[in-house]
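This report concerns only the one structure given below.
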Amino acid sequence: MAVETFMASNQALQREITVYSHDREPPTRLFLFLDAEFYLDRMGIAEKVQSQLHKDTAFAFVAHIDNLHRHRDYICSPSFSAFAGNAVLGEIQHRFPTLHDTGHLVGGLSLSGLAAAHLLEVFPERFDGALCQSGSFWWNDEWLTDNMPRTTGKRLYISVGDKETQKGISHQPSGMRQEVSQFDSCTRFAEQMKIQGNEVRLKTFHAGHEMEPWETEWIEAVDWMLLPKNRHF
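Going letter by letter, the sequence shown gives residues 137 to 369 in my numbering.
Written out as structure tokens, the structure reads:
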């Protein structure tokens, strides 16, 4: 396994990117994950990546810097989505020129799960699917559920805990309000994506909003996302 870390930037944003790829086979597809600090530092996903490396797929992780940046960037931000879909993908493709322009995947958890789904809507020509672990689809009164009309024929893995039932709360450091529970909003988002003609897998785990179930399900979720279209477990 080859590992490369570098910066991607545009006029407004700059983030550190870590890419894992097969050390003998050049990749043609990318699985782009947001929230690198959570996936790599707190969940230890780097070890799992090695077992999951497919010859044609590289795994990239984009740093979030801190929680304040997460609250700004991951709430369906047009500027961040443009940065991720253009500057980040562009820099990775520059370093891995065998990558195709289409057929990529994106993933995230909590707020970055929301951002991953938003990227799928903004760049449907570049991304074929999104892995959303306890995605914060409650944001702004479930705005994204009502604003993904172009998303059809895609693959989405959406998971949520049966104990993620809190609502009427504020999230620091920005004071962001959550008026709908994670469980209800994830369920409704998954149902809407199915109605629009997407291939959706909704998984409910027995836990709350926690790292452990996200880490536990990661390999299963990635395996499903990487299946050829129209094939299921």
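Glycine included, C-beta positions come from ideal geometry on N, C-alpha and C.
Just so it is clear, the structure is predicted and the values come from calculations on it, not from any experiment.
Q) Which residues in the same chain as Ile305 place their Cβ atom closer than 7 angstroms to its Cβ, once the five residues preceding and following it in sequence are excluded? A) By 1-based counting over the sequence shown, the position of residue 305 is 169. Excluding positions up to five away in sequence, the list reads Gln314.
Q) Hey, how far is the Cα of Tyr175 from the Cα of Ile355? A) On the sequence shown, residue 175 is found 39 positions in, with the first residue counted as 1. On the sequence shown, residue 355 is found 219 positions in, with the first residue counted as 1. Just so you know, the alpha carbons of Tyr175 and Ile355 end up roughly 12 angstroms apart.
Q. Between His238 and the rest of its own chain, which residues show a CB-CB distance below 8 angstroms, the 5 nearest in sequence each way excluded?
A. One-based indexing of the sequence shown puts residue 238 at position 102. A quick correction: the sequence has Thr, not His, at residue 238. So the qualifying residues of the chain are Glu261, Arg262 and Asp264.
(Q) On a Cα-Cα basis, can you pick out the residue from Thr301, Pro309, Glu353 and Gln332 that is closest to Gly344? (A) Within the sequence shown, numbered from 1, the residue matching residue 344 stands at position 208. It is Thr301 whose Cα lies nearest to the Cα of Gly344.
Q) For Glu335, does the three-state DSSP call read helix, strand or coil? A) Translated into the one-based positions of the sequence shown, residue 335 becomes position 199. Of the three classes helix, strand and coil, the one that applies to Glu335 here is strand, per DSSP.
Q) Between Glu140 and Arg231, which are expected to be in contact by the criterion C-beta below 8 angstroms, what is the C-beta distance as a whole number of angstroms? A) As a first step, residue 140 must be located in the sequence shown, where it is residue number 4. As a first step, residue 231 must be located in the sequence shown, where it is residue number 95. Sure, about 7 angstroms apart at Cβ, within 8 angstroms.
**Q.** Tyr293 (DSSP reduced to helix, strand or coil)
**A.** Along the sequence shown, read from residue 1 onward, the residue named residue 293 stands at position 157. Tyr293 carries a strand assignment under DSSP once its states are collapsed to helix, strand and coil.
(Q) I'd like to check one pair, Ala251 with Ala266: are the Cβ atoms closer than 7 angstroms? (A) The residue given as residue 266 occupies position 130 in the sequence shown. The residue given as residue 251 occupies position 115 in the sequence shown. No.
Q: Tell me the start and end of each unbroken beta strand (DSSP E) in the stretch 137-215 that is at least 3 residues and wholly inside, in chain order.
A: 138-145, 150-157, 165-169 and 193-198
Q) Would Lys290 pass as a contact of Leu241 if the rule is Cβ separation under 7 angstroms? A) As a working note, residue 290 is residue 154 in the sequence shown. As a working note, residue 241 is residue 105 in the sequence shown. Cβ distance not < 7 angstroms, so Lys290 and Leu241 don't count as in contact.
Q: Output the boundary residues of the beta strand (DSSP E) element that contains Ser306.
A: What you label residue 306 is simply residue 170 of the sequence shown in a count that begins at 1. Per DSSP, Ser306 belongs to the beta strand (DSSP E) from Ile305 to His307.
Q | Pick from Phe273, Gly249 and Ala144 that is closest to Val316, judged by C-alpha positions | A | Here the question's residue 316 lines up with position 180 in the sequence shown. It is Phe273.
Q.
Looking only at its chain, what residues have a beta carbon closer than 6 angstroms to the beta carbon of Phe195, apart from the 5 residues adjacent to it on each side?
A. The residue labelled residue 195 in the question sits at position 59 within the sequence shown. Hits under 6 angstroms: Tyr156, Phe167 and Val185.
Q: Measure the Cβ-Cβ separation of Met361 and Tyr293 and say whether it is below 7 angstroms.
A: On the sequence shown, position 225 is the one that residue 361 refers to. On the sequence shown, position 157 is the one that residue 293 refers to. Cβ distance < 7 angstroms, so Met361 and Tyr293 count as in contact.
Q | Inter-residue spacing [alpha-carbon to alpha-carbon] between Leu149 and Phe219 | A | Indexing the sequence shown from 1 puts residue 149 at position 13. Indexing the sequence shown from 1 puts residue 219 at position 83. Cα to Cα, the separation comes out at about 7 angstroms.
Q: Measure the Cβ-Cβ separation of Pro163 and Leu245 and say whether it is below 7 angstroms.
A: Position 27 of the sequence shown, counted from the start, is the residue given in the question as residue 163. Position 109 of the sequence shown, counted from the start, is the residue given in the question as residue 245. No; because the gap between Cβ atoms is not below 7 angstroms, this pair is not in contact.
Q.
Considering only the alpha carbon of each residue, which of Gln188, Trp275, Ile153 and Ile228 lies closest to Ser213?
A. Residue numbering aside, residue 213 sits at position 77 when the sequence shown is read from its first letter. Ser213 has its Cα closest to that of Trp275, out of Gln188, Trp275, Ile153 and Ile228.
Q.
Measuring only the C-alpha atoms, how far is His342 from Cys322?
A. Position 206 of the sequence shown, counted from the start, is the residue given in the question as residue 342. Position 186 of the sequence shown, counted from the start, is the residue given in the question as residue 322. So the alpha carbons of these two residues sit roughly 15 angstroms apart.
Q | Coarse secondary structure for Asp264, derived from DSSP in three states | A | Here residue 264 is taken as the residue at index 128 of the sequence shown, counted from 1. Strand.
Q | Close Cβ partners of Pro309 (< 6 angstroms) along its chain, the five nearest in sequence each way excluded | A | Start at 1 with the first residue of the sequence shown, and residue 309 comes out as number 173. Here the set comprises Asn203 and Leu204.
Q: Can you give me the Cβ contacts of His207 inside the same chain, cut-off strictly under 8 angstroms, excluding the 5 residues immediately before and after it?
A: Taking the sequence shown and counting its residues from 1, one reaches residue 207 at position 71. A distance below 8 angstroms between beta-carbons, with the five flanking residues on each side excluded, links His207 to the following residues of its chain, in chain order: Leu247, His307, Pro309, Ser310 and Met312.
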